[in-house]
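Residue numbers (our numbering): 3 to 885. Note that beta-carbon positions come from the ideal geometry of N, C-alpha and C, so glycine has one too.
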């Protein structure tokens, strides 16, 4: 990515005295655009993965062998060939109009879910509008060209191809680069070259797609005219005809509020279409359209006002109980909402919101208010026959539904005439259904008549109604953007208040005094402080979903480069971590995923030979555990090769001897050594031995830890354990000599005083204590802390049994002081990485108390550092930690 020079405040002023409110608008645009890109990129990739090359006759179970496509796999999409889109020949028996083609299951499988496509289109459209308003012409230009390509794909003029997915992802890359530049320079002039490059590629894609469509039916001269324009739209500038009273800020607010109203209206229309009797959705929908119309009238956008006024008329008729017959007003109004969005986009780009085909749209809505004769009810006998044929497997349900809707002759004649079924098949199915079993009525008579409605499979795939808003209305969020430094100060003040509250309530001067009113007041204050503590925990926390979804693009690109088939599974996306932590773990996750795809997963041929599915699986998960956030990257590949890692470590002088005595965990941790790599060759994905070292360094910055697990032939798992920088945990306070420490209560399994008979010593000096039927290794905390205990005899002290990932140890301490709610504070950087401690807290009397890390204590035992003859793995205690 290009590196840009950051300008200072004086340079900003010299660029034209940009006012503070304008800078704030630009910053909002940058943040909102980045949020959109975080959603946009994974959605594009998911769209590409969902598309597949299918044969229309196979998907629709078509029996029309007279069709030239039947039994063949053609490159040309059926809707452009035999369908009703563009210059199609309009001979498909499953469609009667362009809308039928665009709602067909074949179209959805080939060109993607229409709702997903529309969502991507809207995101590019929103970015184009915002960039155009702020006069970021290069960003608006690229977004406009991407919008052109998407519009042709969703309208069926172009068949979606893998190159289009890659090209749209490149557009996202350019947008991120441009936003970085805008953040530092407050304009996008420095990315003109990059914009021209990606713009040329997008224009070429649209042009080639158009030429391909023209080749399908060269005799149709109007194919190219149906395409989208490729010239750059003018963005920015003043809007002609507006009163001087209307400022750019007011116009921006109009566009923003209008977009929100249309978004709400769209959801409400979906809800109303699904449940026409929902008067609440209808009333709220009427209010939204009415508000939109009023705003358009005030600003003088005549076309938008006319269209929304006619929509309001239709909705008012619906409120009065108008019978629309077999018409679908919700679907028609959804099309009108899309037109209103187009008008808003025009306004955001400096236009007047003028709409093409406005009169046609108004006429279409007026038709909704004209009562038409109801079509004759289907023949009940034909309905029963249709149901019977579907049950007997003679005809597919989609085929019979379409035929019932389109036939102009009796059902049996239509079935035979279209070569969907023969007379013998129909007679056989009827005879089979008339054979009663055990005196029961035939299945065709037992079953209640079912009204077979026309099936438009792509509409089911789109699931538009399923995404409708709840019947109670949509939820409107209100938020503001706050500088992170201000949040840091607020959180620090809350932490200081917690400490002050503890010092006040536990003041030694109050010991022995009967202060009833003081106690009541202190309890109330403790309650309020606790609520503030809980709020402080979440105020900087953000879900990892944004970070995780960014990895979808990474895995997609890596799978293409490596030629491996990979499925990325995400879980725990709702897990929240501190925003600064997100920034620190982004690079580690990238390196871990690259490593999994390049070294971990086998090629498709190797996987098949090993009896595995051809497609490998990489799982990325997050969860809260033991007062930490655990982020895990695991794969089902070949796993880590212990012997190969050891050989490389011995070669580099990292291991003395043959390493036979080293545990698997110790061997696997060697991969985090600087420059360590077992790759036979260096690729553009990995192999230089740099990435895993970066993982370790970044985790150490946030006091995090890494754990590696692997099974040969089954895969590997790398777990990032990230401590919460500010959190409340239930802690168990213990004492060794004059030193007090806190253990996370979640890790404590039991506390007891052992008997002398329960203690055993192994030949290598390890102390074990028998806990019922199991032996648990003992770790003397005074050895770890290098403090003198009250007693060195185990049965004179107390053992706290701790558990970490199915491993248990017995921690030998002098005394249990009690349970305490603890605010975790990170250790100062000048202390470095303190072994066995995950943080500290401040007690009521002002003393510093270490919070012990159970995982590290277990590691001490596994490394044999707890034997009586071993050098104690001590930590230096802060002076205030000893009373």
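Using the rule of at least 16 other Cβ atoms within 10 Å of the residue's Cβ for burial, across every protein chain shown, is residue i buried or exposed?
i           : result
residue 504 : buried
residue 275 : buried
residue 325 : exposed
residue 784 : buried
residue 679 : buried
residue 764 : exposed
residue 537 : exposed
residue 597 : buried
residue 622 : buried
residue 1   : Any property of residue 1 remains undetermined from this structure, which presents the chain solely from 3 to 885.
residue 650 : buried
Using three-state DSSP, classify residue i as helix, strand or coil.
i           : result
residue 72  : coil
residue 189 : coil
residue 159 : coil
residue 919 : Nothing in the structure corresponds to residue 919, since the chain is present only between 3 and 885.
residue 723 : strand
residue 184 : helix
residue 786 : helix
residue 150 : helix
residue 741 : strand
residue 654 : coil
residue 305 : helix
residue 138 : coil
residue 528 : helix
residue 891 : No statement about residue 891 is possible, as the shown extent of the chain runs from 3 to 885 and does not include it.
residue 463 : In this prediction, residue 463 has a pLDDT of 28, which is less than 50 and means its spatial position is unreliable; nothing more can be read from the coordinates.
residue 27  : helix
residue 776 : strand
residue 112 : helix
residue 824 : strand
residue 659 : coil
residue 101 : helix
residue 781 : strand
residue 20  : coil
Grab the span of the alpha helix (DSSP H) containing residue i for me, first residue to last.
i           : result
residue 797 : It is not in any alpha helix (DSSP H) - residue 797 carries neither H nor E in the DSSP assignment.
residue 354 : Element bounds for residue 354: n/a, residue is neither H nor E.
residue 348 : 331 to 350
residue 809 : Residue 809 -> not in any alpha helix (DSSP H); beta strand (DSSP E) instead, spanning 809 to 815.
residue 435 : 425 to 435
residue 397 : That residue, residue 397, is in no alpha helix (DSSP H); it is neither H nor E in DSSP.
residue 751 : Counting along the chain, residue 751 falls outside any alpha helix (DSSP H), though it belongs to the beta strand (DSSP E) covering 750 to 754.
residue 80  : 80 to 83
residue 364 : 360 to 370
residue 669 : 666 to 670
For the beta strand (DSSP E) that residue i lies in, which residues bound it at each end?
i           : result
residue 545 : 543 to 545
residue 757 : Premise fails: residue 757 is in no beta strand (DSSP E) and is neither H nor E.
residue 841 : 839 to 844
residue 851 : 850 to 854
residue 710 : 707 to 713
Do we get a CB-CB distance below 7 Å when we pair residue i with the residues of chain D?
i           : result
residue 592 : Here chain D cannot be found, since the structure has a single protein chain.
(message) Assess contact between the region 606 to 626 and the region 660 to 670, defined as three or more Cβ pairs (one per stretch) separated by less than 8 Å. Is contact present?
(response) Taking 8 Å as the limit for Cβ pairs, the verdict is that the region 660 to 670 does not touch the region 606 to 626.
(message) Under 8 Å, with one C-beta from each stretch per pair, do the region 623 to 633 and the region 568 to 584 reach the 3-pair mark?
(response) Yes, the region 623 to 633 is in contact with the region 568 to 584.
(message) At 4 residues or longer, what runs of the alpha helix (DSSP H) sit wholly inside the region 481 to 518?
(response) Runs of the alpha helix (DSSP H) inside the region 481 to 518: 486 to 507.
(message) What ranges does the beta strand (DSSP E) occupy inside the region 558 to 638, keeping only unbroken runs of at least 3 residues that lie completely in it?
(response) Listed in chain order, the complete beta strand (DSSP E) runs (minimum 3 residues) inside the region 558 to 638 are 568 to 573, 578 to 580, 618 to 627 and 630 to 637.
(request) Check whether the region 779 to 786 touches the region 803 to 819, counting contact only when three or more Cβ pairs, one atom from each stretch, lie closer than 8 Å. (result) Short answer: they touch.
(message) Could you check whether the region 421 to 429 touches the region 387 to 398, counting it as contact only if at least three pairs of C-beta atoms, one from each stretch, sit closer than 8 Å?
(response) Touching, yes, given that three or more Cβ pairs across the two stretches are closer than 8 Å.
(request) Decide if the region 837 to 846 is in contact with the region 856 to 868; the criterion is three or more beta carbon pairs, one per stretch, under 8 Å apart. (result) Flag = yes, the region 837 to 846 and the region 856 to 868 touch.
(request) Check whether the region 129 to 147 touches the region 107 to 116, counting contact only when three or more Cβ pairs, one atom from each stretch, lie closer than 8 Å. (result) Touching, no.
(message) Is it the case that the region 731 to 750 contacts the region 786 to 795, given that we only count it when at least three CB pairs across the two stretches are under 8 Å?
(response) With a cut-off of 8 Å, the region 731 to 750 and the region 786 to 795 count as touching, because enough Cβ pairs lie within range.
(request) Let me know the alpha helix (DSSP H) ranges lying completely inside the region 30 to 67, each 4 residues or longer, listed in chain order. (result) The region 30 to 67 is shown to contain whole alpha helix (DSSP H) runs of 4 or more residues at 58 to 61, in chain order.
(request) Would you be able to state if there are at least three C-beta pairs under 8 Å between the region 47 to 54 and the region 125 to 142? (result) Taking 8 Å as the limit for Cβ pairs, the verdict is that the region 47 to 54 does not touch the region 125 to 142.
(message) Any contact between the region 714 to 728 and the region 763 to 771? By contact I mean 3 or more CB pairs, one from each, below 8 Å.
(response) With a cut-off of 8 Å, the region 763 to 771 and the region 714 to 728 do not count as touching, because too few Cβ pairs lie within range.
(request) Within the region 256 to 326, note down every full alpha helix (DSSP H) run reaching 4 residues or more, in order along the chain. (result) Every alpha helix (DSSP H) stretch that sits fully inside the region 256 to 326 and reaches 4 residues is listed by chain position as 281 to 301 and 304 to 321.
(message) Three or more C-beta pairs under 8 Å: does that hold for the region 156 to 168 against the region 56 to 69?
(response) With contact defined as three or more Cβ pairs closer than 8 Å, the region 156 to 168 and the region 56 to 69 are not in contact.
(request) Determine, using beta-carbon pairs with one atom in the region 291 to 311 and one in the region 162 to 178, whether at least three such pairs fall under 8 Å. (result) Too few Cβ pairs lie closer than 8 Å, so no.
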